[in-house]
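This report refers to the structure that appears directly beneath it.
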Amino acid sequence: MATFDPQEREEAGRSMATRAERLLELSERDDQGWSVLALKGRLDSVTVGRFTERCAAWIDAGRGNVVLDLSGLDYVSSAGLSSILGAAKRAQERNARFVVAGLKGLVKEVFAISGFETVLSIFPDVESAITAS
Amino acid sequence: MTGLAAEMNVPAERVARLDLAVEEWATNVCRYAYRGGNGSLWVAVRRDGPTLVVELSDEGNPFDPTAAAEPDVSMPLSERSPGGLGLLLMRRMVDALSYRRDGHRNVVTFGVRS
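The listed protein sequences correspond, in order, to chains A and B. The first sequence lines up with residues 25 to 157 when you count with my numbering. The second sequence lines up with residues 451 to 564 when you count with my numbering.
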């Protein structure tokens, strides 16, 4: 942003935050003892900050194993992949399982190109993730 | 970009791929091109026959994304880092990618067929 006015910057920051909320919906629910974190929308450089913060909080709260439900995710960039990797490592440090479910379309392709399918446990959907693990 | 894509009947999925390529390059420019200082990124969108072309120009340090090495995607979780992944994705998302140095500008051109 090419602006040096503090108020303008603050407003721009606020509108970016609102925009990030519209672009990525986050929700958490308990399912058979697993913490299911569902993402809906886009995980990119704009929305990744929110996701990293919320995900870290959920993992640190120590609610046990985590399933990242990406069935509602339409778009993920390298910034998004990085944040997911970070979350997986964080869970690992707390001895919690971290699995990913619901990859489809472009998101599935991005995971494949990045080789993430070999470094993360991935399942077609939340139910099979919980049943198998 | 989405406006021209709609006019050209480029499928939504292909527009998303182009969107991703642009994001990865723009992120790269923001992080590295101006060494932390302020700078500009120009975006030009045009049609070239059946191809949707996006041209991105910056006045930052010379950097040729077509020449950079690809990351090793077979490394295990603990050794992975995000560097290079963005460029890899960028390359795979578009049908055509080219680079030229134009005076003091980097010019990266993406092409996506409709």
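Ideal Cβ positions, reconstructed from N, Cα and C, are used throughout, including at glycine.
| query | result |
| --- | --- |
| For B/N478, three-class secondary structure by DSSP | helix |
| Beta-carbon gap between A/S138 and B/T477 smaller than 8 Å | no |
| C-alpha gap between B/D522 and A/T142, whole angstroms | 12 Å |
| Contacting positions in the segment 67-79 of chain A - beta carbon closer than 8 Å to chain B | D68, S69 |
| Selected residue, minimal CA-CA separation from B/A483, among B/F560, B/R555, B/R563 | B/R555 |
| Option in B/Y549, B/L538, B/P512 with minimal Cα separation from B/F520 | This sequence places Glu at residue 520 of chain B; Phe is not what is there. Nearest of B/Y549, B/L538, B/P512 to B/E520, Cα basis: B/L538. |
| Cβ-based burial, A/T71 [other Cβ within 10 Å; buried from 16] | buried |
| Whole-angstrom C-beta distance between A/R74 and A/L50, which should lie under 8 Å | 7 Å |
| Backbone CA spacing between A/E32 and A/A103 [nearest angstrom] | 26 Å |
| Chain A residues whose Cβ lies nearer than 8 Å to that of B/L539 | S101, S102, V134, I137, S138 |
| Length of the line joining the Cα atoms of A/N89 and B/L470 | 31 Å |
| Any C-beta of chain A under 8 Å from that of B/V523 | yes |
| Interface residues of the segment 34-67 of chain A facing chain B [CB-CB below 7 Å] | none |
| DSSP state of A/M25 mapped onto helix, strand, coil | Caution applies to A/M25, whose pLDDT of 47 falls short of 50 and renders its modelled position unreliable; the value that the coordinates give is listed next. The answer is coil: DSSP assigns A/M25 none of H, G, I, E or B. |
| Option nearest B/A456 by Cα separation, candidates B/T516, B/R481, B/L502 | B/L502 |
| 3 or more residues per run - each beta strand (DSSP E) lying fully within the segment 32-99 of chain A | 48-55, 58-67 |
| Rounded C-alpha distance that separates B/A462 from B/V472 | 15 Å |
| C-beta neighbour in chain B for A/L105, strict 8 Å | yes |
| Option nearest A/K132 by Cα separation, candidates A/R118, A/E117, A/P148 | A/P148 |
| Rounded straight-line distance, which links the Cα of A/V150 to that of A/L124 | Note that residue 124 of chain A is Val in the sequence shown, not Leu. Cα to Cα, A/V124 sits roughly 8 Å from A/V150. |
| B/V493 versus B/D514, B/P515, B/E509, residue with shortest Cα-Cα distance | B/E509 |
| Whole-angstrom C-beta distance between B/S564 and B/M458, which should lie under 8 Å | 5 Å |
| Same chain, Cβ closer than 6 Å to B/R464, neighbours up to 5 away in sequence not counted | V562 |
| Cβ of B/L535 within 8 Å of any chain A Cβ | yes |
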